[in-house]
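Just so it is clear: in the sequence shown, position 170 is 169 by numbering that gives the first Met the number 0, and no numbers are missing.
Data block below; observations after.
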Amino acid sequence: MIFNRRTITKLLDLVNLQRHNDNYADIQTDLTNHEGRITGAQSDITTHKASTAAHPAEHVTYEGEIIGAENIKEGLDIIKTELDQAIISGDSGPEAAASRYNPFTGVTHATLPDRLNEEWEQTATQLAENTLRVGTEPINILYPPPPMVGAKGDNITDDYNAIQNIFNSAPAGSSIYIPDRSFRLTNGLTINKNIRIVGSNIQDDRQNLIPLSGSIFNFDASTSIGSAIECTANGIYIENLFLNNVSAVKSNVQIGISILPFIGGVVFNTSLTAVWVSGFGTHGIYGSGVLVSKFDKVFASNCVNGFYFDNPTLNGTSIYMSNCWALRCTGYGYYFYKYYYMSLVSCASDDILISYVFSDCNTIVMSGCGSELTKHNHIDLKNVTEFTATGCLGYNGNLLNEGNNGASFLSADNCHNVTLIGCKDLDPAFGNVSIYSQYPMVWINCDFPLNAYVNNAGYNNAPDTIFGKVVNVT
Numbered sequence: 000m001i002f003n004r005r006t007i008t009k010l011l012d013l014v015n016l017q018r019h020n021d022n023y024a025d026i027q028t029d030l031t032n033h034e035g036r037i038t039g040a041q042s043d044i045t046t047h048k049a050s051t052a053a054h055p056a057e058h059v060t061y062e063g064e065i066i067g068a069e070n071i072k073e074g075l076d077i078i079k080t081e082l083d084q085a086i087i088s089g090d091s092g093p094e095a096a097a098s099r100y101n102p103f104t105g106v107t108h109a110t111l112p113d114r115l116n117e118e119w120e121q122t123a124t125q126l127a128e129n130t131l132r133v134g135t136e137p138i139n140i141l142y143p144p145p146p147m148v149g150a151k152g153d154n155i156t157d158d159y160n161a162i163q164n165i166f167n168s169a170p171a172g173s174s175i176y177i178p179d180r181s182f183r184l185t186n187g188l189t190i191n192k193n194i195r196i197v198g199s200n201i202q203d204d205r206q207n208l209i210p211l212s213g214s215i216f217n218f219d220a221s222t223s224i225g226s227a228i229e230c231t232a233n234g235i236y237i238e239n240l241f242l243n244n245v246s247a248v249k250s251n252v253q254i255g256i257s258i259l260p261f262i263g264g265v266v267f268n269t270s271l272t273a274v275w276v277s278g279f280g281t282h283g284i285y286g287s288g289v290l291v292s293k294f295d296k297v298f299a300s301n302c303v304n305g306f307y308f309d310n311p312t313l314n315g316t317s318i319y320m321s322n323c324w325a326l327r328c329t330g331y332g333y334y335f336y337k338y339y340y341m342s343l344v345s346c347a348s349d350d351i352l353i354s355y356v357f358s359d360c361n362t363i364v365m366s367g368c369g370s371e372l373t374k375h376n377h378i379d380l381k382n383v384t385e386f387t388a389t390g391c392l393g394y395n396g397n398l399l400n401e402g403n404n405g406a407s408f409l410s411a412d413n414c415h416n417v418t419l420i421g422c423k424d425l426d427p428a429f430g431n432v433s434i435y436s437q438y439p440m441v442w443i444n445c446d447f448p449l450n451a452y453v454n455n456a457g458y459n460n461a462p463d464t465i466f467g468k469v470v471n472v473t
């Protein structure tokens, strides 16, 4: 800015004239200085607009409640000092004293760090215990831990994907809980690791063979799916579960539970307890190459075959069945091919084509088993060595009247070392004989009202002649 000074030349008071002229000179100097400062301020504003850097806290005026702070940085420094005093060194102020007190335990700690350290250790211990429980407590399929998604269990929603994902995601050795619900599935499940599946107690309509309550899987398949549950691992355990085939075409679901070879053509340590399978197209329970396994209170109804075990490659061994039941099947109640060292205890077979079939087996024991309304033989042996039946009962056998070779109680074709102890053929329907065998047998305290046909020669004695005695038939 330029100031045009005008020199006063009029005749005035010379003293005042000089003073005015000096003032004009000072004003011009001040205006020039202001012009420089305005230009610098404009430059600072332009630079500030273009800048993205924050101003230092020291340059920001502080107007808060912290005593002694003139800018933001000093305020923050004071807060940090106070926090360090309260947390690290302890503080005698009322707020710090309150924080040192734990209302849940009633303990007042010396310093806040003492309380924090103790609670951290307790929390770490609890987290470790919870981590262990995750692998031991059952996973509820309605409310599994994330990221698993729970099943609905409303018998309407297709729960296949949810349940199969839980089976896949559960760690080996874990337990999966099936609540008292009905689950609809349109596809078969696969279990490929050693897990425990535990449901609720089954309540059923025994007369109509339908489930009333408990853990129920209703399989509703529109296409063929093979097995409702396929087990392909050692150590699988299933308890308290009803598998029901409700498909419009029953053959769409061929098998209730299949137990298939895992490694080397065999599978170990399978256990089924209180399991019911009903309405499947071929087998209720199917096993191939099963070793060292247990089946207790397993029911198979309205299938072609109740229990069907074979061995296409190796012999199965050490199978134990107790309190099992095959009911209203159009084929076999129990069928075993190439199995060694197995026991059936207190098992039952009702309204079946042939109740118990053993083929190419060795060392078989039946104890306290029963068979009713069998259309052919109660017990059918083929190429069996070492068979013993103790306290077994046959009622209404050979309903189709097969003649001589269709024995009512037992037929043994090419079998050796067959022993019957305390067995009874009660009220046979048809047939000329209770027992048919090609080779010698041992009877001990048995009651067979019909004749025995043994060794192609015929052995005909009244019941009281053989009852209560050891008889070697040759």
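Note that the Cβ used here is the ideal one computed from N, Cα and C, for glycine as well.
In this text the structure is predicted, and so the values were computed from the model without any measurement.
Hey, out of the options, whose CA is closest to residue i's CA?
{"i": "I318", "options": "Y333, Q202 and A227", "result": "Y333"}
{"i": "L352", "options": "I363, Y338, L343 and R327", "result": "R327"}
{"i": "Y394", "options": "M365, D349, Y438 and S270", "result": "D349"}
{"i": "M440", "options": "L392, L380 and A325", "result": "L380"}
{"i": "A247", "options": "D219, H282 and V303", "result": "D219"}
{"i": "P427", "options": "S407, I434 and C445", "result": "S407"}
{"i": "Q253", "options": "G264, V266 and E229", "result": "E229"}
{"i": "I201", "options": "S223, F166, G255 and V276", "result": "V276"}
{"i": "L425", "options": "D158, H415 and H377", "result": "H377"}
{"i": "L240", "options": "C368, Q437, I215 and I224", "result": "I215"}
{"i": "V266", "options": "Y307, N244, Y23 and T316", "result": "T316"}
{"i": "A161", "options": "S370, S174, S173 and N139", "result": "N139"}
{"i": "D446", "options": "A299, I44 and G390", "result": "G390"}
{"i": "Y340", "options": "V356, S358, V364 and Y355", "result": "V364"}
{"i": "A411", "options": "L392, G396 and V356", "result": "V356"}
{"i": "V197", "options": "Q437, L271 and G149", "result": "L271"}
Secondary structure at residue i, three-state DSSP: helix, strand or coil?
{"i": "T222", "result": "coil"}
{"i": "Q437", "result": "coil"}
{"i": "D349", "result": "strand"}
{"i": "F261", "result": "coil"}
{"i": "K423", "result": "strand"}
{"i": "D475", "result": "Only positions 0 to 473 of the chain appear in this structure, which leaves residue 475 out of reach."}
{"i": "L398", "result": "coil"}
{"i": "H375", "result": "coil"}
{"i": "N70", "result": "strand"}
{"i": "T28", "result": "helix"}
{"i": "N22", "result": "helix"}
{"i": "L449", "result": "coil"}
Just how far apart, CA to CA, sit residue i and residue j?
{"i": "I177", "j": "E238", "result": "10 angstroms"}
{"i": "Y142", "j": "K151", "result": "9 angstroms"}
{"i": "A171", "j": "Q163", "result": "14 angstroms"}
{"i": "Y338", "j": "T269", "result": "15 angstroms"}
{"i": "V383", "j": "G305", "result": "21 angstroms"}
{"i": "F386", "j": "T189", "result": "35 angstroms"}
{"i": "N166", "j": "S366", "result": "Looking at the sequence itself, residue 166 is Phe, so the reference to Asn does not match. F166 and S366: Cα-Cα distance of roughly 37 angstroms."}
{"i": "H527", "j": "C422", "result": "Because the chain spans 0 through 473 in this model, residue 527 falls outside it and cannot be assessed."}
{"i": "N251", "j": "D295", "result": "27 angstroms"}
{"i": "N217", "j": "P102", "result": "52 angstroms"}
{"i": "I258", "j": "T329", "result": "22 angstroms"}
{"i": "R36", "j": "T46", "result": "15 angstroms"}
{"i": "L399", "j": "W442", "result": "26 angstroms"}
{"i": "M147", "j": "L242", "result": "23 angstroms"}
{"i": "D463", "j": "N444", "result": "With a pLDDT of only 32 at D463, under 50, the local geometry of the prediction cannot be trusted, and no value is derived from it."}
{"i": "S98", "j": "E73", "result": "26 angstroms"}
On the DSSP bridge assignment, give the partners of residue i in chain order.
{"i": "S174", "result": "R195"}
{"i": "T316", "result": "L290 and Y339"}
{"i": "T107", "result": "Y100"}
{"i": "Q202", "result": "S212"}
{"i": "W474", "result": "This structure cannot settle anything about residue 474, because the visible part of the chain is limited to 0 through 473."}
{"i": "L240", "result": "V274"}
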